[in-house]
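In structure tokens:
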């Protein structure tokens, strides 16, 4: 199963709206004869690649897979049928697929044809790998990673409306690695106006376009913002309001000419905006700020994971704070990890809110 999980990681940031899945075929005497990973939506699933590599050696063997094999026809055929036809004797799966089209049907099909099915080995790491997909299925919104770079005293910038470079090159490299693994990166209009960022992936390879999202209910974005100079890197989606589009028609049309996709979100909440992104099959969002966006996401309880880069400097009381006000709910980090990145420290972990 560890081998299958390693294969699954190859699909991170590449398979949405599908989950990442790895598989391997092992003979009765413990020889691996087939490996596979699902790397792109619309392409064969991990089980199919592993079975094709195994060929006739799959008969009587065990298939290890990180997620329940599908039993329905989507862009590809049912994996369960391929497993049965290959003569696999036993399937060891890390977890059930909660998607309504699967949800136990794959296991049931295998068992009906005499295939032994064991579930649970490697469950926790498989859940971690597929948090974006699982969150989209269960909650109807993307998995949200709140990312921020702060000073020792919790400031994002020296003053509101200014750009302050806090962290070092190693921290920047790590941040770009994170962008390479998500479906979208998102900021508020204040950050767009203050920093004028590109919001692209640099230093590391990314195969798929990265959606760049701007939360901008008042439609303050400028058509000459630098983000529009890199449309080949991915679409720019501005989540705004119907009222702003109606009252600022000239700006709206200029933004559309610049390449922006404007989407009016009826519900003026972070959850409403995230649900709009989910409808675009965006399952993971790196929320990079600024203060108002961070505060809204935290207050509405939609932050699933947190990455805090802390620089060895203090900016003083005039600096822009990480949050606009006191936290509305108590929370802690589960499985926290602390890493040193050059002179900076990264603190990250899953967010847990006691009920």
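Residue numbers (this note's numbering): 75 to 429.
No residue lacks a Cβ here, since even glycine has one placed at the ideal position from N, Cα and C.
These numbers come from a predicted model, not from an experiment.
Around the beta-carbon of residue 290, 16 or more other beta-carbon atoms lie within 10 Å, marking it buried. As the crow flies, the alpha-carbon of residue 327 is around 28 Å from that of residue 370. For residue 345, the enclosing alpha helix (DSSP H) stretches over residues 344-352. Residue 300 sits in a helix when the DSSP states are folded into three classes. Leaving aside the five residues that flank residue 367 on each side, the residues in its chain whose CB is nearer than 6 Å to its CB run, in chain order, 262 and 289. When rounded, the separation of the alpha-carbon atoms in residue 365 and residue 117 is 40 Å. Distance from the Cα of residue 255 is smallest, within the candidate group 205, 224, 269 and 225, for 205. Assignment of residue 315 by DSSP, reduced to helix, strand and coil, places it in the coil class.
Burial of residue 379 is indicated by the presence of at least 16 other C-beta atoms within 10 angstroms of its C-beta. Residue 187 counts as exposed, since fewer than 16 other beta carbons sit within 10 angstroms of its beta carbon.
Beta-bridge partners of residue 337 (DSSP): 313. Under the DSSP definition of a beta bridge, residue 380 partners with 220 and 423. Less than 8 Å separates the beta-carbon of residue 180 from that of residue 154. Within the model, the alpha-carbon separation for residue 129 versus residue 162 is close to 11 Å. Using a Cβ distance threshold of 8 Å, residue 349 and residue 215 count as a contacting pair. Contact check for residue 165 and residue 141: beta-carbon distance about 11 Å, past the 8 Å limit, so the pair fails to qualify.
The Cβ atoms of residue 124 and residue 144 lie no closer than 8 Å to each other. A Cβ-Cβ contact shorter than 8 Å links residue 311 with residue 285. Around residue 390, the same chain offers no residue with a beta carbon nearer than 6 Å, after the five sequence neighbours per side are excluded. Assigned with DSSP and collapsed to three states, residue 242 falls in coil, not helix or strand.
The alpha-carbon separation between residue 336 and residue 138 amounts to approximately 44 Å. In the three-state scheme derived from DSSP, where H, G and I count as helix and E and B as strand, residue 358 is classed as strand.
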